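Chemist: The sequence shown lines up with residues 814 to 1016 when you count with our numbering.
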Amino acid sequence: MLAEAVVARGLPKAARVLDLCTGSGIQALTAASLGAERVLAVDISIAAVESTRAAAYRLGLDVETRQGDLHVALNHGPYDVVLCNPPYVPSEHVPPTEGPSVAWDAGVDGRAFLDPLCRAAPSLLSESGFLLLVQSEHADVPKSIAMFEREGLRTSIVARRTIEFGPVMLARAAWLEANGLIEKGCRTEELAVILAERNTSGA
């Protein structure tokens, strides 16, 4: 969804692009193929970083990779475009710092990464920059929108898609129900791509 959204939106000329929580690297690779001047892919997982680096090399694309978190991304900005597919699955445990579940576990409300990202968005973006974020409805899309707008960004939802629960969500469905995070019997989630951008209209 996120790669599709950036293709639909397009990149500004000589764009500096950040793919935060790069995972498979598909967003970074897409941005590079669209002609971005600089693409930085950041992930806390060294496996994700190495996989993205290898894919870029194989495809002949120029993608810089770094292992790290939001702080690493902030230190190398600002960016004209920020792409982010963060961890957003609610979990009863503190989010891990290593292992496979680092890619999805995001604390009891699914917002352990989302909240800091929303607060940091203006610091990540250039004067005319924009951010595309994908997240689940079960991690409170309206809260993300409200936080972005509180930081002075203009927002809209540019894509939606409803999918069946994957293995992780299915495995913790009973816990999600017990904690009021999903309705009883719910086994689907709507994913939303949020656009947050500088308000350059002067309004």
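Quick reminder that beta carbons are idealized off the backbone N, C-alpha and C, glycines included. Source: prediction; values computed, not measured.
What does a CB cutoff of less than 7 angstroms around residue 874 pick up in its chain, not counting 5 residues either side in sequence?
Modeler: By 1-based counting over the sequence shown, the position of residue 874 is 61. Cβ neighbours of residue 874 beyond the five flanking positions: 842, 845, 846.
Chemist: Tell me which same chain residues have a C-beta within less than 8 angstroms of the C-beta of residue 1001, skipping the five on either side of it?
Modeler: Numbered from 1 along the sequence shown, position 188 holds the residue referred to as residue 1001. Contacts found: 975, 976, 977, 978.
Chemist: DSSP has residue 902 in a bridge; who is on the other side?
Modeler: Counted from its first residue, the sequence shown places residue 902 at position 89. According to DSSP, which records beta bridges pairwise, residue 902 is partnered with 918.
Chemist: Runs of 4 residues minimum, wholly inside the stretch 871 to 897: which ones carry the alpha helix (DSSP H) assignment?
Modeler: With a minimum length of 4 residues, the continuous alpha helix (DSSP H) runs that stay inside the stretch 871 to 897 are 883 to 888.
Chemist: Would you kindly report the start and end of the unbroken alpha helix (DSSP H) that includes residue 964?
Modeler: Position 151 of the sequence shown holds residue 964. Segment: none, residue 964 is in no alpha helix (DSSP H) and carries neither H nor E.
Chemist: Rounded to whole angstroms, what's the CA-CA distance from residue 826 to residue 960? Just pull it up for me.
Modeler: Sequence index remark: in the sequence shown, residue 826 carries index 13 (1-based). Sequence index remark: in the sequence shown, residue 960 carries index 147 (1-based). Their Cα atoms are separated by approximately 28 angstroms.
Chemist: How far does the beta strand (DSSP E) with residue 994 in it reach, from first residue to last?
Modeler: For this step, residue 994 is matched to residue 181 along the sequence shown. Here residue 994 belongs to no beta strand (DSSP E), and DSSP marks it neither H nor E.
Chemist: Can you check which of these residues, 935, 819, 814, 952, is closest to residue 892 by C-alpha distance?
Modeler: As a working mapping, residue 892 is identified with position 79 in the sequence shown. With distances taken between Cα atoms, residue 892 lies closest to 935.
Chemist: Rounded to the nearest angstrom, how far is the Cβ of residue 926 from that of residue 919, given a contact under 8 angstroms?
Modeler: In the sequence shown, the residue the question calls residue 926 occupies position 113. In the sequence shown, the residue the question calls residue 919 occupies position 106. With 8 angstroms as the limit, residue 926 and residue 919 qualify as a contact, their Cβ atoms being about 6 angstroms apart.
Chemist: For the beta strand (DSSP E) that residue 1001 lies in, which residues bound it at each end?
Modeler: In the sequence shown, residue 1001 corresponds to position 188, counting from 1. It spans 1001 to 1011 - the beta strand (DSSP E) in which residue 1001 sits, taken as one unbroken run.
Chemist: Can you tell me which of the three DSSP states residue 760 falls into?
Modeler: Lying outside 814 to 1016, the shown extent of the chain, residue 760 is not represented and no answer is given.
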